[in-house]
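Chemist: Structure below; questions to follow.
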């Protein structure tokens, strides 16, 4: 834009231009959020599938262990205690996996970027109204 064109624009026109550019910026941010959501959904799906396979394997292992312990140890209370300890250990392992994947929330970058854009627009709007 030439300096002459800039001088001729009024404050309402500048604010209207700012609104149009802000809409474009928000649309671009939404596209970014969608891309982040897709990426996070893929990663989350992989975690769910891996968790299901691990749970199935752990269940089969527990059943095998139960049958083996019942055959070796006739005291069923001891077998139940051993399996309870194993179950608690598996729960702790699962909680550790979930905790390590807590960063899967997809909108962290988009949210911060939108907050920065909103603050920038507010400051610019305050300057225009002065």
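Residue numbers (our numbering): 1047 to 1176. Glycine included, every Cβ here is placed at the ideal spot set by N, Cα and C.
1) In this structure, how does DSSP classify residue 1054 when only helix, strand and coil are distinguished?
2) If you compare alpha carbons, which of 1061, 1143, 1081, 1054 is closest to residue 1169?
3) My guess is that residue 1140 and residue 1129 are in contact by the Cβ rule of under 8 Å, so how many angstroms apart are they, rounded?
4) DSSP state of residue 1119, grouped into three classes?
Modeler: On the basis of the supplied data:
1) helix
2) 1061
3) The pair is not a contact, with the Cβ atoms about 16 Å apart (cut-off 8 Å).
4) coil
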